Structure formats: structure tokens, C-alpha cells
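Colleague: Per UniProt numbering, numbering through the sequence shown is continuous, rising by one, with the last residue being 337.
For each residue, glycine too, the CB sits at the ideal point set by N, CA and C.
Keep in mind that this is a model prediction, so the values were computed, not measured.
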Amino acid sequence: MAENTTLVSLEDCLEKNIASKEELKEIKRLLYGQQLPAPIVDQRDAIHRRVADMVAAAALCGVNIICFQEAWTMPFAFCTREKLPWIELAESAECGPTTTFLQEMARMYDMVIVSPILERDESNNNILWNTAVIISNSGKVMGKSRKNHIPRVGDFNESTYYMESKLGHPVFDTKFGKIAVNICYGRHHPQNWMMYGLNGAEIVFNPSATVGVLSEPLWPIEARNAAVANHYFTCAINRVGTEVFPNEFSSGDGKPAHKDFGHFYGSSYIAAPNGSRTPGLSRVDDGLLVAELDLNLCRQTQDHWGFKMTQRLDLYVNELNNVIGPHFQPNIICENK
1 MAENTTLVSL EDCLEKNIAS KEELKEIKRL LYGQQLPAPI VDQRDAIHRR VADMVAAAAL
61 CGVNIICFQE AWTMPFAFCT REKLPWIELA ESAECGPTTT FLQEMARMYD MVIVSPILER
121 DESNNNILWN TAVIISNSGK VMGKSRKNHI PRVGDFNEST YYMESKLGHP VFDTKFGKIA
181 VNICYGRHHP QNWMMYGLNG AEIVFNPSAT VGVLSEPLWP IEARNAAVAN HYFTCAINRV
241 GTEVFPNEFS SGDGKPAHKD FGHFYGSSYI AAPNGSRTPG LSRVDDGLLV AELDLNLCRQ
301 TQDHWGFKMT QRLDLYVNEL NNVIGPHFQP NIICENK
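What follows is the structure, given as C-alpha cells:
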């Protein structure tokens, strides 16, 4: 009579007899065709190659200035609150591999490039920042602009990774116009838009990564309103698609744990100082939006409406100084009893 045996699966045998997790992963990959996460460098280089094709297409269209989405070199993993492997995609704004790659493209195509990345500030204790690097058409790094307002709403809890900028509202005088970068959540703050205008911006880019029912109703309004209020052009740029992460995460808001942030709804557009705007790009596919901007319209709109002449900054600076003071009392007048 045959001896009783207990049948086990091949996978159980592998896990029992192979101690090395790395070897086990490789064997399973060979057996089952499973895809393992690519090394960080390979992921970044693959994104570089895709963007190189888009920049080449933009050059064929005669584009002078191009801006990418927020944190374009990586998944928008800040919702997960996991540090690794995501912070390994952070790099130097001045001499990191992404900046070096784009400097060559800027020189090749005589194009100004705005590159929003996760910055590792090597000169300041390796602090991380959400940063846009501005590369001139000569290939030189003109400077950088950082995210002024950090969200703490639901999955948008980015202060796990970086904090608010201390660089203010810089404007970069490029060959093709004076540009500024209002990164993502800053579009919800009218004063943020205003300061770029006061510093002389003619085009303000708003590279974003935003999802869902909370922000989409506001998306077609905010950058367009800013263009009118500050008489400059605005370029609202959004990520598109759904990114699924290996591990579930939650935000402490009562919702079940999940592996994706939601759908990035794209819909990028450009708005003009006179209130006109382009159609939006797709909600589901990558795209390249090309528009010809007449920067004379900035001054013409200002002259027509007199916004600068009538804005009364002196009035607001006094009241705002009171607001931020420790003894502020709202100026509310009630009916006498």
C-alpha cells in the first residue's frame, strides 16, 4: 500500500525551501511571468524617453516654452505616505539627471523648459521640496520656484514629504516672456496668483496633479479667473490617468483603505487676460496643448480695465497687517440694540 502523502502546491514548496526573498521573486517571475517593479533609474529613464518624444513634437510645432505636470518624473505617490521607494526619485534641481537631460533638449530646440520635480536640496541637509526648475533656451538653469501652499486634505497630505516654499513668488525673464510657476494647490489662493502678477509675470504656469469630485468643478474656473484678475496668461496643466500603488493606504477620513489616488482628470487649458481660453485636453489620454500667445494682450487688458490703477494695495496691506496680529478683531458692525 502506498504511503500517505500530503500534496502541497509548488508555491508552498518554493516558499518553504528558498530562504532568499530576492531569489524567490526571481523564480516566481520566471515561472509565472510576473512583472517586478523596475529599478528607480529605469523608471525615470523610461519617462525621460517618453517626454523626449513630446518635446520633439512641440519643437516641430514651433513651441518656445513648455511646461510639464507636477512631479512629472514619478508617480504622484505622496498620497501613500510611504517614504521608500518614492523619495529615491528626488534629485538636485541644479545638476540632477532630469535637469541635465532637459538642458540638452533646451539647447537643441531653442526652448525654455519648466520642469516640476521632487527636489533633494543637497546644499541644505538634503531637504525635499516640490520644485519647478526653469531652464532657459540656452540650456542654463535660470532658477527655481517652489510650492507655496501645501494641501492637508484627504489623500492630499503632502507635508509628510515637504513643506512650504521660502522663495516667494519669483518671475523669470526669458527670451520669450516673463514667466512664473504657481504649483498645484497654490491655484486655490488668489493672493498667490496676485503676487506673480505684481512681480511682472506675463505667463503663469500651474502644473498640477489633481483628482476627483472635490477639485474638478473648480478646475476650469480658477486659472481662468486668475488670468482676468491679474491680466496675464495662465496655463493650467494636470496629470491624467489612474495610478495604482502596491500597498493600500488611507487618510484617516473614514474611507476604506485603497491602492489608488483616484482619476487624474487631465483637462489642461490656457486662459488669456481677456477671459478667452483654449479647449481642454483629454480627461483620459496624454496630450500636447500648443497655443500662440500675444503678450501685448497683458498690457492692453490692464489699460482697458485699469486694474493696477484701482487695486488699492495700500488699503489691503494695512488690513492684512491687522489680520495677522495677535489681537485682530473682525470689522463686523452689528445693529444697535
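Please name the residue in 123, 154, 268 and 273 whose C-alpha comes closest to that of residue 303.
Modeller: Taking the first residue of the sequence shown as 1, we reach residue 303 at position 303. The shortest Cα separation from residue 303 among 123, 154, 268 and 273 belongs to 273.
Colleague: Does the structure place the stretch 182-200 close enough to the stretch 258-268 that three or more beta carbon pairs sit under 8 Å?
Modeller: no
Colleague: Determine whether the Cβ of residue 244 lies closer than 8 Å to any Cβ atom of chain D.
Modeller: Absent here is chain D; the protein component of the structure consists of one chain.
Colleague: Would you grab the beta carbon distance between residue 181 and residue 132 for me? Rounded to a whole angstrom, and I think it's under 8 Å.
Modeller: Locating residue 181 in the sequence shown gives position 181, where the first residue counts as 1. Locating residue 132 in the sequence shown gives position 132, where the first residue counts as 1. Their Cβ separation, rounded to whole angstroms, is 4 Å, which keeps residue 181 and residue 132 in contact under 8 Å.
Colleague: Which residue from 110, 326 and 237 puts its Cα closest to that of residue 63?
Modeller: Along the sequence shown, read from residue 1 onward, the residue named residue 63 stands at position 63. When each option's Cα is compared against that of residue 63, the closest is 110.
Colleague: Can you give me the Cβ contacts of residue 189 inside the same chain, cut-off strictly under 7 Å, excluding the 5 residues immediately before and after it?
Modeller: Taking the first residue of the sequence shown as position 1, residue 189 is located at position 189. Taken in chain order, the residues that qualify are 149.
Colleague: Grouping DSSP H, G and I as helix and E and B as strand, with all else coil, what is residue 286?
Modeller: By one-based count along the sequence shown, residue 286 stands at place 286. Residue 286 falls in the coil class under three-state DSSP.
Colleague: I'd like to confirm the pairing. Which residues does DSSP put opposite residue 121 in its beta bridges?
Modeller: Within the sequence shown, numbered from 1, the residue matching residue 121 stands at position 121. Beta-bridge partners of residue 121 (DSSP): 127.
Colleague: Does DSSP put residue 114 in a helix, a strand or coil?
Modeller: For the purposes of this step, residue 114 is identified with residue 114 of the sequence shown, where counting begins at 1. Looking at residue 114 - three-state DSSP - the assignment turns out to be strand.
Colleague: Tell me, to the nearest whole angstrom, how far the beta carbon of residue 72 is from that of residue 116; I am working on the premise that it is less than 8 Å.
Modeller: In the sequence shown, residue 72 corresponds to position 72, counting from 1. In the sequence shown, residue 116 corresponds to position 116, counting from 1. 6 Å between Cβ atoms; contact.
Colleague: Terminal residues of the continuous alpha helix (DSSP H) containing residue 298?
Modeller: If you number the sequence shown from 1, residue 298 lands on position 298. Its alpha helix (DSSP H) spans residues 296-305.
Colleague: Kindly provide the ranges of any beta strand (DSSP E) runs that are 3 or more residues long and lie completely inside the stretch 211-255, ordered along the chain.
Modeller: List check, beta strand (DSSP E) in window: 233-238 and 240-249.
Colleague: Measuring only the C-alpha atoms, how far is residue 97 from residue 39?
Modeller: If you number the sequence shown from 1, residue 97 lands on position 97. If you number the sequence shown from 1, residue 39 lands on position 39. Rounded to the nearest angstrom, the two C-alpha atoms are 15 Å apart.
Colleague: With a Cβ-Cβ cutoff of 8 Å, do residue 141 and residue 99 count as a contact?
Modeller: By 1-based counting over the sequence shown, the position of residue 141 is 141. By 1-based counting over the sequence shown, the position of residue 99 is 99. Going by C-beta atoms, residue 141 is nearer than 8 Å to residue 99.
Colleague: To which residues does DSSP link residue 144 through a beta bridge?
Modeller: The residue you call residue 144 lines up with position 144 of the sequence shown. Per DSSP, 133.
Colleague: Rounded to whole angstroms, what is the Cα-Cα separation between residue 324 and residue 101?
Modeller: Within the sequence shown, the letter at position 324 stands for residue 324. Within the sequence shown, the letter at position 101 stands for residue 101. CA-to-CA, the gap between residue 324 and residue 101 works out to about 44 Å.
Colleague: Whose C-beta lies closer than 7 Å to the C-beta of residue 122 among residues of the same chain, with five residues either side of it excluded?
Modeller: Numbered from 1 along the sequence shown, position 122 holds the residue referred to as residue 122. Contacts found: 92.
Colleague: Have a look at 126, 53 and 81 and flag the residue whose alpha-carbon is nearest the alpha-carbon of residue 245.
Modeller: In the sequence shown, counting from the first residue as 1, residue 245 sits at position 245. Among 126, 53 and 81, the Cα nearest to that of residue 245 belongs to 81.
Colleague: Please state the DSSP three-state secondary structure of residue 95.
Modeller: Start at 1 with the first residue of the sequence shown, and residue 95 comes out as number 95. Coil.
Colleague: Do residue 107 and residue 143 have their CB atoms nearer than 8 Å?
Modeller: Taking the sequence shown and counting its residues from 1, the one referred to as residue 107 is at position 107. Taking the sequence shown and counting its residues from 1, the one referred to as residue 143 is at position 143. No.
Colleague: Between residue 195 and residue 231, how many whole angstroms is the CB-CB distance? I'm expecting something under 8 Å.
Modeller: Position 195 of the sequence shown, counted from the first residue, corresponds to residue 195. Position 231 of the sequence shown, counted from the first residue, corresponds to residue 231. With a Cβ gap of about 14 Å, residue 195 and residue 231 do not count as contacting.
Colleague: Does the beta-carbon of residue 316 have 16 or more other beta-carbons within 10 angstroms, so that it is buried, or is it exposed?
Modeller: Numbered from 1 along the sequence shown, position 316 holds the residue referred to as residue 316. By the Cβ-count criterion, residue 316 is exposed, with fewer than 16 other Cβ atoms from all chains shown falling within 10 Å of its own Cβ.
Colleague: Within the same chain, show all residues whose beta-carbon is closer than 8 Å to that of residue 89, passing over the 5 residues directly before and after it, in chain order.
Modeller: Taking the first residue of the sequence shown as 1, we reach residue 89 at position 89. So the qualifying residues of the chain are 40, 43, 44, 73, 74 and 118.
Colleague: Taking DSSP as the reference, what is the three-state secondary structure of residue 7?
Modeller: The residue labelled residue 7 in the question sits at position 7 within the sequence shown. Because the pLDDT at residue 7 is just 46, under 50, the model does not fix this residue reliably, and the value given afterwards should be weighed accordingly. Here residue 7 sits in coil by DSSP.
Colleague: Spell out a yes or no on whether the stretch 295-314 and the stretch 221-238 are touching, meaning 3 or more CB-CB pairs, one atom from each, closer than 8 Å.
Modeller: yes
Colleague: Looking at the unbroken alpha helix (DSSP H) that takes in residue 206, where does it start and where does it end?
Modeller: If you number the sequence shown from 1, residue 206 lands on position 206. Not the alpha helix (DSSP H): residue 206 falls in the beta strand (DSSP E), residues 203-208.
Colleague: CB-CB under 7 Å to residue 286, same chain, minus the five flanking residues each way: which ones, in chain order?
Modeller: Here the question's residue 286 lines up with position 286 in the sequence shown. 240.
Colleague: Counting along the chain, where does the alpha helix (DSSP H) carrying residue 161 start and finish?
Modeller: Here residue 161 refers to the residue found at position 161 when the sequence shown is read from its first residue. That residue, residue 161, is in no alpha helix (DSSP H); it is neither H nor E in DSSP.
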